[in-house]
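Counting in the numbering used here, the sequence shown runs from 19 upward without gaps.
By construction, the Cβ of each residue, glycine as well, lies at the ideal position given by its N, Cα and C atoms.
Quick caveat, the model's predicted, so the values are computed rather than measured.
Data first, discussion second: the structure below is written as structure tokens.
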Amino acid sequence: LKEHFQGKAWSDWPAEIKHRKPDAMNEWREKLKERTEKERFIQYIFFKQWHKLKEYCNNKNIQIIGDIPIYVTYDSADVWSHPELFKLDKNEQPSFVAGVPPDYFSETGQRWGNPIYTWDFHKETGFLWWIKRIEHNLKLYDIVRLDHFRGFVAYWEIPAQEETAINGTWVDAPVEDFFTTIFKHFPNVALIAEDLGTITPDVKLVMQTFQFPGMKLLIFAFGDDIARNPYIPHNYEKNSVVYTGTHDNNTIKGWFKNETNEETRKKLFKYLGREVSEANVYRELIRLAMMSVANTAIIPMQDILGLDEEARMNLPATTENNWEWRLLPEQLTPSVASELREITGIYGRG
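Take a look at the structure:
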């Protein structure tokens, strides 16, 4: 339908199909039958190939981690087909949108613009939409990371007419009911909580109650008060996941070269017990991650290869030149494999 209407948002479609009137649905289902069947076939091929890949990985004792963004975009099939799940006005426009409040990094906060869930309705329906969403993800992945985890506890709700996030308010979500229901349906589900940023005591309590592993981002470790920094390895809990960096951060080498000052480098060198060069800093941070007590260590391929900022995956709040880096077969040399095998073996992460 979106393709037929030249990419227009569903809210700009003709009223009958915008509101999913039965006669209109039947009419357009017939009109677009050939195109729909083609798309179904393409998706069938994709999922067949994906499950073949997943089976191959699992047979090699490799697990795949997938990501569930907490919110969906307004112009999505979910909002069009289930407007009752979101806080929309009588014209099916968002009444409130998601974001985060002002902080040290942004005096106006962040206004993401995603529609807010009608959590009361989700609770009344036994969180069925979420159950289906997670069920589908578990067919694709072995482990699921919950993005913006704190939003499951309390979320920043911004009136849709506001241009910034300043005038938002915190609203509690039915977090205990939600996760109790999820674990009832998926007793053995493996979840990771994306808990980066300012995490309040209520969020920590939920993570402890449900035993969610949080994230430890190593390149955040060398700022103020290094002794008590939650991202420094000596403060890790076993039930955590350490990353040298994520898709939203620079590579280790790019970070060291472009985002550290003399003071930060001194802290890093003191922690390591020696000075290291720009050429070798990635090896030292990988070693710190691997030797930590965190149950899981995740090293982006760009760091394993020792690449600089040119290999950065994503720069948040920008739209150009993101998600363009590709791993080439010739980059996986025997020496890279040998080095990774050695450090994996030394720290018992095989």
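Could you compute how far the alpha carbon of residue i sits from the alpha carbon of residue j?
i	j	result
E125	G215	15 Å
R246	F167	23 Å
E342	K288	36 Å
I200	I149	7 Å
T269	K66	33 Å
D243	L236	15 Å
T351	I364	20 Å
Q349	L323	8 Å
G127	S356	45 Å
K275	Y159	35 Å
Y122	V221	20 Å
G373	E280	Residue 373 lies beyond the stretch modelled for the chain, which goes from 19 to 368, so this question has no answer here.
R305	P231	21 Å
V260	S94	33 Å
W46	R53	11 Å
A315	A307	6 Å
N76	E277	37 Å
E181	K78	50 Å
F23	W31	7 Å
N253	K284	20 Å
Y89	E73	29 Å
N206	V162	12 Å
N339	E328	10 Å
N185	A33	33 Å
D107	S113	5 Å
I361	V299	15 Å
Q320	R330	8 Å
Q81	A208	11 Å
Q111	K49	27 Å
F145	Y135	11 Å
T143	S310	42 Å
V249	F139	Note that residue 249 is Tyr in the sequence shown here, rather than Val. Those two C-alpha atoms are separated by around 37 Å.
F228	K202	12 Å
H154	Q61	14 Å
R58	K20	16 Å
R301	L345	19 Å
W130	V97	16 Å
T91	N44	26 Å
K56	H100	25 Å
I217	F170	12 Å
G291	P318	25 Å
A116	S295	42 Å
Assuming residue i is part of the alpha helix (DSSP H), what are its boundary residues?
i	result
K36	33-36
S356	352-364
D41	40-49
M308	299-309
E281	280-290
D220	219-228
F274	270-276
N142	Note on residue identity: the sequence assigns Glu, not Asn, to residue 142. Per DSSP, E142 belongs to the alpha helix (DSSP H) from 137-142.
When every heavy atom of the ligand NAP is checked, does at least one fall within less than 7 Å of the C-beta of residue i?
i	result
K150	As for the ligand NAP, it is missing from this structure, which has no ligand bound.
What does DSSP give as the partner residue(s) for residue i in the beta ladder?
i	result
V260	K234, A315
A211	L164
If contacts are defined as beta-carbon pairs under 8 Å, then residue i and residue j qualify, I think. What distance do you get, rounded to the angstrom?
i	j	result
V118	A172	Actually they are not in contact, since the Cβ atoms of V118 and A172 sit about 11 Å apart, beyond 8 Å.
M233	I210	7 Å
F204	L164	About 13 Å separates the two Cβ atoms, so there is no contact after all.
K256	L325	With a Cβ gap of about 30 Å, K256 and L325 do not count as contacting.
K105	P133	6 Å
V189	E175	5 Å
I35	A27	Not a contact, Cβ separation roughly 13 Å.
A191	W147	The pair is not a contact, with the Cβ atoms about 14 Å apart (cut-off 8 Å).
F240	L286	5 Å
T262	L303	5 Å
N332	D266	5 Å
Taking only beta-carbon positions, decide if residue i is within less than 8 Å of chain C.
i	result
E281	Note that chain C does not occur in the displayed structure, where there is just one protein chain.
For the region 67-135, list the alpha helix (DSSP H) runs that are entirely contained and at least 4 residues long, ordered along the chain.
-> 95-99
Secondary structure, beta strand (DSSP E): runs of 3+ residues fully inside the region 148-203 | 161-164, 172-177, 187-190
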